[in-house]
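Colleague: Below is a structure I'd like to ask you about.
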Amino acid sequence: MYQQSIVIIPAWYPIPSDPLAGIFIREQARALRAAGLNISVFHVEESRFPKLQPSRVRFELEEEVPTFRLSVWVPPKRLRPFRIYWLQQWDRLFLSYREKFGTDPILFHAHSFVGGAAAKYLSRRYHLPYVLTEHYSGFISGRLPAHWKKDLPGIYGNANRVIAVSRLLADAMGGYASCVEVIPNPIDTALFRPGSSRVISPFFHMVNVGSLIPRKGQHILLEALAQLPDRETVRLQIIGRGPSEHQLRAQVKALGLERQVSFAGAVMPEQLVAILQQAQLFVSVSHSESFGLVLTEALACGLPVISTPTGIAKEVIDEKIGQIVKNSDELITAIQRYREGSRLHHPELARQKVVSNYGRERVTVRIMAIYQEIFDQMQRT
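Structure representation (C-alpha cells):
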C-alpha cells in the first residue's frame, strides 16, 4: 500500500498571502506522509485578475510534501458554462505530475465539494477513484452556494467514500450524500500540549480564535464581557483576521473595553500554542462550525472550553472539561464561574480526550484503512 501514489485535492491550501488557509489539510497530508504513504498535493490558486504571461505549474517540496501549484485566472465558478476552464487547470497539474514522476497516482483525496468537483473531473478523465472529505459549514447553516447545489449529488455520488469531519456535518449533508462516514481533522498533540509553567498575572486571561466574520460571533462575546462584574480583572485576546475587524474594534471602543480586549491578528500554530498555554479559558461563540479545530487545540493544551453547540463541541465537551452555552446569559454565567474558580476543571482529561479521538495517529490510521479498502476493491475488480 505504501508505494501507491495518492494526491490530495484541496478546496483551500496555504498560500503566501494567506498562510493559514486550509492549514488543517496540509496537516493531514503531512501526517499521512509521515505514516509512510506516498502523498502529493495539487492546488489551483485562483488569481483575481488575468495575467499577461501564461501561468506555469510550479513544483516544490513543502514541509516534505510534494506540491504542484498553479496560479491562474479563471472565470467565476458560478458561471457554470465556463467552469470547464477551471477544471482544465487541474488537468494541467495531473499531466505535470505524470511528467515529474513517470506514473499516475492511484487515488485522489479531495477536500470539500469544490475539491470534489475537480476530483470527479479527473476521476472520469483518467479512470481513477476518489475519496471526499467534507468540511464546509454551509451545510449546517443552510448557506450553500446556489450555483453548486445541482452538482453536489454527482460529486458525492461518484466518490468511492464520503467523509464528514463531524457527526453534525454528516447529518446536515443527508440531503446530498448517503453513507457519510465521520473522521475528524487530526490534531498535532505533540505541538498543542500544556505548557511547563504559566506567567503569574493579576488578570484572568481568555482567548478567542477565529476569522473575524459575523458567523464567528465575536460581537456576542464582547457584549458578554461588557456585562461581567469586575470586568477590569479580565483580559480577552482575539486571534484572527477578517472583514469584521473594523466593526469589532469600534464595538470595543463603544463598550469601553479598550483595556480588556486586544487583537492579535492571524498567528501561526507555534505562536498560537504559546498563547493558549498562558491562557486560563478558551471561548468559542460561533453560530456554525463543521468541526472546530481551535477548540480541540485548546483542549489539547489543557484549557477549559466554553462553546456554543456547534461542530464537535457537543461530541467532545462535558462538565469535566468545559461547558456548552446556548445564549448570552449562559455565556456570562459560565465565564464568571471559571473566573471565580467555582467550576472544577480537569486538564489531563481534556488533553486525553483529544489525544484518543483526534490525535494525528488515531485519525491517520482511520484514513489509511479507507484507502486500503479501496485498493483491495480495485484488485478484486
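Counted from 1, the sequence shown has number 320 at position 319 by the numbering used here; the numbering is strictly sequential.
From the three backbone atoms N, C-alpha and C, an ideal C-beta is built for every residue, glycine too.
Kindly indicate which residue of His136, Ala120, Glu135 has the alpha-carbon position closest to the one of leucine 388.
Modeller: Nothing in the structure corresponds to residue 388, since the chain is present only between 2 and 382.
Colleague: Using the C-alpha atoms, what's the distance from isoleucine 368 back to threonine 382?
Modeller: Rounded to whole angstroms, threonine 382 to isoleucine 368 spans 22 Å at the Cα level.
Colleague: The beta strand (DSSP E) spanning phenylalanine 60 covers which residue range?
Modeller: Phenylalanine 60 -> beta strand (DSSP E) spans 59 to 63.
Colleague: Evaluate the contact criterion for the stretch 330 to 341 versus the stretch 358 to 372: three or more CB pairs, one atom per stretch, below 8 Å.
Modeller: The stretch 330 to 341 vs the stretch 358 to 372: no contact.
Colleague: What does a CB cutoff of less than 8 Å around leucine 249 pick up in its chain, not counting 5 residues either side in sequence?
Modeller: Cβ neighbours of leucine 249 beyond the five flanking positions: Leu213, Gln219, His220, Leu223, Ile239, Phe264.
Colleague: Would you give the residue range spanned by the alpha helix (DSSP H) that leucine 33 belongs to?
Modeller: From DSSP, the alpha helix (DSSP H) with leucine 33 extends over 24 to 35.
Colleague: According to DSSP, is histidine 347 part of a helix, a strand, or is it coil?
Modeller: In this structure, histidine 347 counts as coil in the three-state DSSP scheme.
Colleague: For a quick check, are the C-beta atoms of arginine 81 and histidine 44 less than 7 Å apart?
Modeller: Not in contact: arginine 81 and histidine 44 (Cβ atoms no closer than 7 Å).
Colleague: Please determine, among Leu133, Leu169, Ser138, the residue with the shortest C-alpha to C-alpha distance to proline 154.
Modeller: Answer by Cα proximity: Leu133.
Colleague: By the three-class DSSP mapping on this structure, what secondary structure does tyrosine 137 have?
Modeller: DSSP places tyrosine 137 in coil when its eight states are reduced to three.
Colleague: What do you get for tryptophan 149, buried or exposed, if any count of 16 or more other CB atoms within 10 angstroms of its CB means buried?
Modeller: Answer is buried; the Cβ neighbour count reaches 16.
Colleague: What did DSSP end up calling glutamine 5 once you bin it into helix, strand or coil?
Modeller: Note: glutamine 5 maps to coil in three-state DSSP.
Colleague: Check whether the Cβ atoms of alanine 351 and leucine 300 lie closer than 7 Å to each other.
Modeller: Result yes, Cβ atoms of alanine 351 and leucine 300 sit closer than 7 Å.
Colleague: Assuming the contact rule is C-beta atoms closer than 8 Å, glutamine 1 and methionine 174 should be a hit. Round their C-beta distance to whole Å, please.
Modeller: In the structure as shown, the chain starts at 2 and stops at 382, and residue 1 therefore has no counterpart that could be examined.
Colleague: Whose C-beta lies closer than 7 Å to the C-beta of valine 289 among residues of the same chain, with five residues either side of it excluded?
Modeller: With the sequence shown as reference, residue 289 is identified as serine, and valine is not the correct amino acid for it. Cβ within range, chain order: Ser138, Ile141, Ser142, Arg216, Thr311.
Colleague: With respect to the beta strand (DSSP E) encompassing threonine 68, which residues constitute its N-terminal and C-terminal limits?
Modeller: Where threonine 68 is concerned, the enclosing beta strand (DSSP E) stretches over 66 to 74.
Colleague: Just to confirm the assignment: which complete beta strand (DSSP E) runs, minimum length 3, are found wholly within the stretch 199 to 248?
Modeller: Listed in chain order, they are 205 to 210, 235 to 240.
Colleague: Can you say whether serine 287 is buried or exposed, counting buried as having 16 or more other CB atoms within 10 angstroms of its CB?
Modeller: Its Cβ being crowded by 16 or more others within 10 Å, serine 287 is buried.
Colleague: Would you call the stretch 223 to 235 in contact with the stretch 251 to 258, where contact means no fewer than 3 C-beta pairs closer than 8 Å?
Modeller: They touch, by the three-pair rule.
Colleague: Pull up the CB-CB distance for arginine 162 and isoleucine 371, whole angstroms please, since I reckon it's below 8 Å.
Modeller: Going by Cβ atoms, the distance from arginine 162 to isoleucine 371 rounds to 5 Å, so yes, they are a contact pair.
Colleague: Judging by CA-CA distance, which residue of Gln324, Phe205, Trp74 is the nearest neighbour of glutamine 89?
Modeller: For the residues Gln324, Phe205, Trp74, the minimum Cα distance to glutamine 89 belongs to Trp74.
Colleague: For histidine 110, is the classification buried or exposed, using 16 other Cβ atoms within 10 angstroms of its Cβ as the cut-off for buried?
Modeller: Buried: at least 16 other Cβ atoms inside 10 Å.
Colleague: State yes or no: is the C-beta of phenylalanine 193 within less than 7 Å of the C-beta of glutamate 46?
Modeller: Cβ distance not < 7 Å, so phenylalanine 193 and glutamate 46 don't count as in contact.
Colleague: By the 10 Å Cβ neighbour count, where 16 or more other Cβ atoms means buried, how is methionine 2 classified, buried or exposed?
Modeller: A caution first: methionine 2 carries a pLDDT of 48, below 50, which makes its placement in the model unreliable, though a value can still be read off. Answer is exposed; the Cβ neighbour count stays below 16.
Colleague: Do isoleucine 307 and glutamine 324 have their CB atoms nearer than 7 Å?
Modeller: In contact: isoleucine 307 and glutamine 324 (Cβ atoms closer than 7 Å).
Colleague: Using only CA atoms, which one of Asn328, Gly211, Glu64, Phe83 lies nearest to serine 245?
Modeller: Comparing Cα positions, the closest option is Gly211.
Colleague: State the DSSP-derived secondary structure class of valine 286, mapped to helix, strand or coil.
Modeller: Coil.
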